[in-house]
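Peer 1: Residue numbers (our numbering), protein chains in the order written: chain A, 439 to 495; chain B, 16 to 363; chain C, 505 to 597.
We treat Cβ as the ideally placed atom computed from N, Cα and C, and that holds for glycine.
Predicted, not measured: the structure shown is a model, and the values here were computed from it.
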Amino acid sequence: MVIATETFRPLVLAQAKARKLEPHLIVVKHPVGGLNAEELKERIDAAFEGLKVEMKG
Amino acid sequence: MSDSAETEYLDIPEMDHDGWADYVEAQGWTDGLPLVPPTEASVARMMDGARGDNEPFPAITPRLLIPTLRSLAANAVMAGCRPSYFPAVLAALRGVLVADYNLHGTLATTHSCAPMAMVNGPLRQELNINCGTNCFGQGWRANAAIGRALQLILLNIGGGKPAVMDRSTFGSPAKYTFCFGENEEESPFEPYHVRNGFRADESVVTVMSAEPNHNLNDHGSTTGLGLLTTFAGGIATPTANTISAKGPYFIVLGPEHAATLARDNWTVKKIQDFLYDKARVPLAWISKENQARYEEAGHFPENDAFRVAPTPDDIHVAVAGGPGKHSAWIPSFGGTAAISIRVKPPAA
Amino acid sequence: MRIVNPTYGIAPQGEGSATAGPVDWMNDPIVLFSNNKPNAKELLLGVRDRLSSIRRVDNVDYIAKGSASQPAPPEMLNEVVRKYRIALLALGD
Chain A
439 MVIATETFRP
449 LVLAQAKARK
459 LEPHLIVVKH
469 PVGGLNAEEL
479 KERIDAAFEG
489 LKVEMKG
Chain B
16 MSDSAETEYL
26 DIPEMDHDGW
36 ADYVEAQGWT
46 DGLPLVPPTE
56 ASVARMMDGA
66 RGDNEPFPAI
76 TPRLLIPTLR
86 SLAANAVMAG
96 CRPSYFPAVL
106 AALRGVLVAD
116 YNLHGTLATT
126 HSCAPMAMVN
136 GPLRQELNIN
146 CGTNCFGQGW
156 RANAAIGRAL
166 QLILLNIGGG
176 KPAVMDRSTF
186 GSPAKYTFCF
196 GENEEESPFE
206 PYHVRNGFRA
216 DESVVTVMSA
226 EPNHNLNDHG
236 STTGLGLLTT
246 FAGGIATPTA
256 NTISAKGPYF
266 IVLGPEHAAT
276 LARDNWTVKK
286 IQDFLYDKAR
296 VPLAWISKEN
306 QARYEEAGHF
316 PENDAFRVAP
326 TPDDIHVAVA
336 GGPGKHSAWI
346 PSFGGTAAIS
356 IRVKPPAA
Chain C
505 MRIVNPTYGI
515 APQGEGSATA
525 GPVDWMNDPI
535 VLFSNNKPNA
545 KELLLGVRDR
555 LSSIRRVDNV
565 DYIAKGSASQ
575 PAPPEMLNEV
585 VRKYRIALLA
595 LGD
């Protein structure tokens with residue numbers, strides 16, 4: 439399972455396609471780098487919500 | 016770009032120059048400039064330039080397809096290569112496919128790196144590769160087409176499509192082409208390839224994932240020590256990937272600077288040692304957050320400054336360019352290596 | 505006109521598609537795999553904190569590949585495959 443920002447979604451999909459994989463992808467807003475703790479909290483929450491969806495299948 | 020790679024030949028409608036330019040743009044095959052049509056005949060002539068080169072290539076990331084000599088030749092044709100250039104293109108490709116070059120990382124990164132290719136040996140003169148005035152610039156077909164062919168191969172067979180796989184924040188003009196020759200004739204030092212174990216009569220392509228050249232202007236210094244002091248200051252920047260001291264960089268000496276250094280008994284080894292020691296970025300220029308990152312990655316400051324090369328041997332010294340009091344610093348992507356590959360001459 | 509396809513290449517032999525088997529999300533060990541980019545560690549550890557509200561996390565481990573610009577060493581990947589059923593990767597940025 440991959441957590442990627444929306445900006446990098448095409449990269450993940452292109453790489454997965456070349457490897458004949460169907461990635462489980464959790465997309466969060468871009469960017470992640472350079473955020474302070476408060477800003478990063480939103481990304482963590484989004485990633486966790488995405489993970490819960492994946493866990494439910 | 017079509018993901019269907021199963022067909023080696025394509026039958027397409029007859030079209031004029033403008034139609035062809037539109038067609039290749041729609042296919043995603045181009046770097047933005049017009050391409051030469053890779054007809055069967057022109058590709059066959061290109062392949063003849065690499066006659067006898069039967070060494071297979073590994074799959075090219077990220078598409079992970081193994082190229083054929085024919086598909087490689089098609090890209091060389093499109094780039095405007097003469098058949099005589101093709102062995103140099105193939106050597107450059109073999110170089111970027113060496114694992115330590117880290118092609119995948121260099122294609123997918125947000126950094127602005129491009130594959131630099133430096134040519135040594137007799138092929139420079141045989142192909143009229145510019146090693147002198149304006150050697151990083153425009154005006155020479157061999158420099159333009161060899162570097163361009165490598166990039167087209169990485170795009171079309173490798174799949175390094177800009178804004179999809181190639182995630183560079185800015186890219187750089189070097190992504191169109193970045194090929195030059197060492198100015199061996201005006202260098203006071205042994206040629207780069209000879210210092211790295213090749214014979215002087217062999218032709219060699221050295222590749223590194225690099226930023227474009229950064230100018231090192233020094234009109235004032237009259238000694239080798241003065242020049243190197245200036246160079247060390249120019250190299251000591253917190254904003255190039257070299258700050259992580261994870262990879263190589265090139266220092267390309269202009270012939271006038273090289274002559275001054277040689278006159279003052281600076282050898283290549285002494286230049287490497289000096290720059291390794293003196294090119295350091297003071298802690299005061301680096302944010303606390305970045306200091307913590309570098310230290311977490313095992314890169315620690317010494318005497319309140321970070322070195323920018325892992326070892327003196329990671330500082331690659333060459334001579335190129337023409338008259339003028341300029342040299343060039345070419346920082347690398349960081350997680351890459353300088354790889355030298357002998358060019359295979361076509362079989363007789 | 506007939507041209508040579510400049511995108512042509514041959515798929516390496518033996519490259520099959522990979523599929524993951526069923527996993528037990530509540531109990532299987534999970535690796536949080538960082539690409540070493542800034543905030544990747546904080547993001548992944550933040551997810552682990554929240555995971556603790558819904559599953560055990562004593563078998564949810566964090567590792568980083570070592571360099572943001574270079575691939576993870578094969579031995580590290582082999583270890584991950586051997587020890588974990590689920591990997592959560594931070595990629596890009």
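Would you mind working out which of Glu226/B, Pro206/B, Gln153/B and Thr244/B sits nearest glycine 186/B, comparing C-alpha positions?
Peer 2: Closest option to glycine 186/B, Cα to Cα, is Glu226/B.
Peer 1: Step through the CB atoms of chain C and report whether any lies within less than 8 Å of the CB of alanine 442/A.
Peer 2: For alanine 442/A, the answer is yes, since a Cβ of chain C falls inside 8 Å of its Cβ.
Peer 1: Can you tell me whether proline 270/B is helix, strand or coil according to DSSP?
Peer 2: Proline 270/B falls in the helix class under three-state DSSP.
Peer 1: Considering valine 111/B, what are the terminal residues of the alpha helix (DSSP H) in which it resides?
Peer 2: Per DSSP, valine 111/B belongs to the alpha helix (DSSP H) from 101 to 111.
Peer 1: State the DSSP-derived secondary structure class of threonine 124/B, mapped to helix, strand or coil.
Peer 2: Correct three-state label for threonine 124/B: coil.
Peer 1: Express the C-alpha separation of glycine 173/B and valine 508/C in angstroms, rounding to a whole number.
Peer 2: Going from the Cα of valine 508/C to the Cα of glycine 173/B covers about 16 Å.
Peer 1: Taking arginine 515/C and alanine 594/C to be in contact with their CB atoms under 8 Å, please state how far apart those CB atoms are, rounded to whole angstroms.
Peer 2: Before going further, note that residue 515/C is alanine rather than arginine in the sequence given. That belief does not hold up - the Cβ atoms of alanine 515/C and alanine 594/C are roughly 29 Å apart, past 8 Å.
Peer 1: For the region 201 to 219 of chain B and the region 125 to 135 of chain B, state whether three or more C-beta atom pairs, one from each stretch, are separated by less than 8 Å.
Peer 2: Short answer: they touch.
Peer 1: How should aspartate 18/B be labelled, buried or exposed, when 16 other C-beta atoms within 10 angstroms of its C-beta is the threshold for buried?
Peer 2: Residue placement at aspartate 18/B is poorly supported in this model, since its pLDDT is 47, which falls under 50; the coordinates still yield a value, given next. Exposed: under 16 other Cβ atoms inside 10 Å.
Peer 1: For valine 7/B, which residues of its own chain have a beta-carbon under 8 Å away from its beta-carbon, when the five flanking residues on both sides are left out?
Peer 2: Residue 7/B is absent from the structure shown; chain B starts at 16 and stops at 363.
Peer 1: Nearest-angstrom Cα distance between proline 577/C and lysine 569/C?
Peer 2: Their backbone Cα atoms lie some 7 Å apart in a straight line.
Peer 1: Once the 5 residues before and after methionine 16/B are set aside, which same chain residues still bring their CB inside 8 Å of it?
Peer 2: Because methionine 16/B sits at a pLDDT of 45, beneath the cut-off of 50, its placement in the model cannot be relied upon, and the point is left open.
Peer 1: From His32/B, Val111/B and Gly95/B, pick the residue whose C-alpha is nearest to that of isoleucine 356/B; which is it?
Peer 2: Comparing Cα-Cα distances from isoleucine 356/B to each of His32/B, Val111/B and Gly95/B, the minimum goes to Val111/B.
Peer 1: Please list, in chain order, the chain C residues whose beta carbon lies closer than 7 Å to that of serine 26/B.
Peer 2: Looking at the sequence shown, residue 26/B is not serine but aspartate. Neighbours of aspartate 26/B on chain C, chain order: Arg506.
Peer 1: With 16 as the cutoff for other CB atoms within 10 Å, does proline 365/B come out buried or exposed?
Peer 2: Nothing in the structure corresponds to residue 365/B, since chain B is present only between 16 and 363.
Peer 1: How would you list, in chain order, the residues of chain C whose beta-carbon sits under 7 Å from the beta-carbon of alanine 485/A?
Peer 2: Result: Leu547 and Val551.
Peer 1: Could you please tell me which residues of the region 562 to 588 of chain C, in chain order, have their CB closer than 7 Å to any CB of chain B?
Peer 2: Going along the region 562 to 588 of chain C in chain order, one finds Ser571, Ser573, Gln574 and Pro575 with a Cβ nearer than 7 Å to chain B.
Peer 1: Can you pull the DSSP bridge partners for asparagine 135/B?
Peer 2: Answer by DSSP bridge pairing, in chain order: Val219/B.
Peer 1: Taking only beta carbons into account, state which residues of the region 444 to 470 of chain A come closer than 8 Å to chain B, listed in chain order.
Peer 2: Of all residues in the region 444 to 470 of chain A, Thr445, Phe446, Pro448, Leu449, Ala452, Gln453, Lys455, Ala456 and Arg457 have a Cβ within less than 8 Å of some Cβ in chain B.
Peer 1: Which residue or residues does DSSP assign as beta-bridge partners of arginine 589/C?
Peer 2: According to DSSP, which records beta bridges pairwise, arginine 589/C is partnered with nothing at all.
Peer 1: For lysine 303/B and chain C, any beta-carbon pair shorter than 8 Å?
Peer 2: Not closer than 8 Å to any Cβ of chain C, the Cβ of lysine 303/B fails to qualify, so no.
Peer 1: Could you tell me the boundaries of the beta strand (DSSP E) in which valine 296/B lies?
Peer 2: Element bounds for valine 296/B: 295 to 297.
Peer 1: Between tyrosine 264/B and leucine 489/A, what straight-line distance do the alpha-carbon atoms span, to the nearest angstrom?
Peer 2: Between tyrosine 264/B and leucine 489/A, the C-alpha separation is close to 42 Å.
Peer 1: Sorted by chain position, which residues of the same chain lie with C-beta nearer than 8 Å to glycine 154/B's C-beta, five sequence neighbours on each side aside?
Peer 2: Only Asn145 meet the Cβ criterion.
Peer 1: Could you name the residues of chain B that glycine 518/C contacts, counting a contact when the two beta carbons are closer than 8 Å?
Peer 2: The premise fails here: glycine 518/C is roughly 12 Å from chain B at the closest Cβ pair, so nothing lies under 8 Å.
Peer 1: From this set, Pro98/B, Gly350/B, Arg78/B and His341/B, which residue's C-alpha is nearest histidine 12/B's C-alpha?
Peer 2: No information on residue 12/B is available, as it lies outside the stretch 16 to 363 that chain B covers here.
Peer 1: Glycine 239/B to alanine 484/A, Cα distance in whole Å?
Peer 2: Using only the alpha carbons, I get a separation of about 57 Å.
Peer 1: Taking three-plus beta-carbon pairs below 8 Å as touching, is the region 318 to 328 of chain B in contact with the region 283 to 290 of chain B?
Peer 2: A contact exists between the region 318 to 328 of chain B and the region 283 to 290 of chain B.
Peer 1: Contact check, alanine 251/B vs proline 346/B under 8 Å by CB: the rounded distance?
Peer 2: With 8 Å as the limit, alanine 251/B and proline 346/B do not qualify as a contact, their Cβ atoms being about 11 Å apart.
Peer 1: Closest Cβ-Cβ distance between methionine 16/B and chain A: below 8 Å?
Peer 2: Its pLDDT being 45, under 50, methionine 16/B is placed unreliably in this model, and the value from its coordinates should be taken loosely. It does not; no Cβ of chain A falls within 8 Å.
Peer 1: Take glycine 471/A as the anchor and find which of Met580/C, Leu548/C, Ile534/C and Met530/C has the nearest alpha-carbon.
Peer 2: Answer by Cα proximity: Leu548/C.
Peer 1: Go through its chain and collect everything with a Cβ distance to leucine 167/B's Cβ below 7 Å, but skip five positions before and after it.
Peer 2: Excluding sequence neighbours, leucine 167/B sits near Asp46, Asn90, Met93 and Ala94.
Peer 1: Using a Cβ-based criterion (distance less than 7 Å to any ligand heavy atom), does proline 102/B qualify as near the ligand GDP?
Peer 2: Only the bare structure without any ligand can be found here, which leaves the ligand GDP out of the picture.
Peer 1: So, using beta-carbon positions, are phenylalanine 195/B and alanine 129/B closer together than 8 Å?
Peer 2: Result no, Cβ atoms of phenylalanine 195/B and alanine 129/B do not sit closer than 8 Å.
Peer 1: Suppose contacts are defined by Cβ-Cβ distances below 8 Å. Is leucine 242/B in contact with leucine 276/B by that definition?
Peer 2: It is a contact, given that the beta carbons lie within the stated cut-off.
Peer 1: Any chance the region 329 to 344 of chain B sits against the region 260 to 274 of chain B, with 3 or more Cβ pairs inside 8 Å?
Peer 2: With a cut-off of 8 Å, the region 260 to 274 of chain B and the region 329 to 344 of chain B count as touching, because enough Cβ pairs lie within range.
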